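Enquirer: Under the numbering used here, the first residue of the sequence shown is numbered 193, with each subsequent residue one higher.
The beta-carbon is built from N, C-alpha and C at its ideal position, and this holds for glycine as well.
Keep in mind it's a predicted model, so treat the numbers as computed, not measured.
Take this structure, written in C-alpha cells, and hold onto it; I'll ask about it next.
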Amino acid sequence: MNPEHGAGGLPPGLMKKERDMQLQAVGRKAPPVSDAERQVREDLAAAYRLVAHYGMDDSIYTHISARVPGTEDQFLINPFGMLFRDITASSLVKIDLDGRILDDSPWDVNPAGFTIHSAVHSARHDAACVLHTHTVAGVAVSSLAGGLQPCNQWALQFYNRVVYHDFEGIALDAGERERLVADLGPTARALILRNHGLVTLGRTVSEAFILMLNLERACRVQVAIQSSGLPVYPVPAEVCEKTAQQYESGDSVRQPGQPDPNAREWRALLQRIDPLPATSYRN
Numbered sequence: 193m194n195p196e197h198g199a200g201g202l203p204p205g206l207m208k209k210e211r212d213m214q215l216q217a218v219g220r221k222a223p224p225v226s227d228a229e230r231q232v233r234e235d236l237a238a239a240y241r242l243v244a245h246y247g248m249d250d251s252i253y254t255h256i257s258a259r260v261p262g263t264e265d266q267f268l269i270n271p272f273g274m275l276f277r278d279i280t281a282s283s284l285v286k287i288d289l290d291g292r293i294l295d296d297s298p299w300d301v302n303p304a305g306f307t308i309h310s311a312v313h314s315a316r317h318d319a320a321c322v323l324h325t326h327t328v329a330g331v332a333v334s335s336l337a338g339g340l341q342p343c344n345q346w347a348l349q350f351y352n353r354v355v356y357h358d359f360e361g362i363a364l365d366a367g368e369r370e371r372l373v374a375d376l377g378p379t380a381r382a383l384i385l386r387n388h389g390l391v392t393l394g395r396t397v398s399e400a401f402i403l404m405l406n407l408e409r410a411c412r413v414q415v416a417i418q419s420s421g422l423p424v425y426p427v428p429a430e431v432c433e434k435t436a437q438q439y440e441s442g443d444s445v446r447q448p449g450q451p452d453p454n455a456r457e458w459r460a461l462l463q464r465i466d467p468l469p470a471t472s473y474r475n
C-alpha cells in the first residue's frame, strides 16, 4: 500500500472527498418529486438494501434501475461508489437514456451499468425495474455451457423463459446494446449474461427483486448438485412447464383482493431492512 494513502488505498484528501459526497448524498433532502416517483425511489432503495442483505452485492459494482413513473426515457440508478447497504431514496441518481444526469447528485453512475440498463429500458417499456448481479453462483451457472438447468423448483420458474447474451468484455461499448436487446427479446423476464452474471426484469421493483432472489437460489442449488457429482433426478417436461405457468399466474401466493402477487412477500421482505429512522432506506 502506498504510505501516502489511507487504509482504503486512497490519498487522505480523496478519501475525505468520497466520504463527504456519501454524507451529502445520504443526508440530502429528498428532491421534490411526485408521489409515484417517491414510492419508486423507496422501493428501489429497499431493493438495493435487500440485495446486500442476501449477499448478492459485489462491492460497489452491479446495479438496479427503475423507470421514473410517467416517462419512457428516464430512470433511477445507484450512485457509483456507494455501498448497496447505504443507499437511500434521495441518494439515487436520475439519468436519461443518453446518460445525462438530470438531478443535482454529486455522484456519477457506473458506465457499464448505463450501457446495460439503458439498453433494456429503451427496448422494453414493460420493464419498470432491471436488476443485475455478479454472485458466485450466478456467474458459475452463466459460465456453464448448459446454463440454467431445470433441476429444482426455483429453476422451474424460468423453464424455457430465460435467455442468454454472450460475453463481449466489460459492458462499456454502446454498440453492445443492440445485440443485448436482440438476445433479450420482447418477453423474457430473466437474462443470463454468459461468463458474467444474472439480470431480471420486473413490471415492479418487487417483481424484479423476487425474480432475482429465486433465480439466485436456483443457481445455488444447481451448483450444489453439480458439485456433488451425483446424478440429477429428472423432472418431466410437462411438469416443468406446469410449474413455470404456476409461477407466472401467482395464484398460489396472491393475497385476496390484491392484483400484485408479489405484494405479500415484498411487505415481509421489507421488515428485514426497516432500521432506525435515521438510517432508513426511505430517507
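Is the segment 236-255 in contact with the segment 285-299, if contact means three or more CB pairs nearer than 8 Å?
Expert: No, the segment 236-255 does not touch the segment 285-299.
Enquirer: Under three-state DSSP, which class holds Ser257?
Expert: Your numbering for residue 257 matches position 65 in the sequence shown. Note: Ser257 maps to strand in three-state DSSP.
Enquirer: What's the gap between the Cα of Gln266 and the Cα of Lys434?
Expert: For the purposes of this step, residue 266 is taken as the residue at position 74 of the sequence shown. For the purposes of this step, residue 434 is taken as the residue at position 242 of the sequence shown. Going from the Cα of Gln266 to the Cα of Lys434 covers about 37 Å.
Enquirer: What does DSSP give as the partner residues of Leu393 in its beta bridges?
Expert: As a first step, residue 393 must be located in the sequence shown, where it is residue number 201. The partner list for Leu393 (beta bridge, DSSP) reads Val322.
Enquirer: Would you grab the beta carbon distance between Gly273 and Ala228 for me? Rounded to a whole angstrom, and I think it's under 8 Å.
Expert: One-based indexing of the sequence shown puts residue 273 at position 81. One-based indexing of the sequence shown puts residue 228 at position 36. Incorrect: roughly 28 Å between the Cβ atoms, too far for contact.
Enquirer: Please check the pair Arg381 and Leu364, which I expect to be a contact at CB under 8 Å, by giving their CB distance rounded to whole angstroms.
Expert: Looking up residue 381 in the sequence shown gives position 189. Looking up residue 364 in the sequence shown gives position 172. The pair is not a contact, with the Cβ atoms about 26 Å apart (cut-off 8 Å).
Enquirer: Alpha carbon to alpha carbon, how far is Pro426 from Thr396? Give it in angstroms, no decimals.
Expert: Walking along the sequence shown from the start, residue 396 turns up at place 204. Walking along the sequence shown from the start, residue 426 turns up at place 234. C-alpha separation (whole angstroms): 33 Å.
Enquirer: From this set, Trp458, Asn344 and Asp375, which residue's C-alpha is nearest Pro428's C-alpha?
Expert: For the purposes of this step, residue 428 is taken as the residue at position 236 of the sequence shown. The residue with the shortest Cα to Cα distance from Pro428 is Asn344.
Enquirer: Can you tell me where the beta strand (DSSP E) with Gln266 in it begins and where it stops?
Expert: What you label residue 266 is simply residue 74 of the sequence shown in a count that begins at 1. First-last of the beta strand (DSSP E) with Gln266: Gln266 to Ile269.
Enquirer: Nearest by alpha-carbon distance to Asn302: which of Glu457, Ser334, Ile252 and Asp358 is it?
Expert: Taking the first residue of the sequence shown as 1, we reach residue 302 at position 110. Among Glu457, Ser334, Ile252 and Asp358, the Cα nearest to that of Asn302 is on Ile252.
Enquirer: Look at the alpha carbon of Arg464 and the alpha carbon of Glu370, and state the distance between them as a whole number of angstroms.
Expert: The residue given as residue 464 occupies position 272 in the sequence shown. The residue given as residue 370 occupies position 178 in the sequence shown. The straight-line gap from Cα to Cα measures roughly 38 Å.
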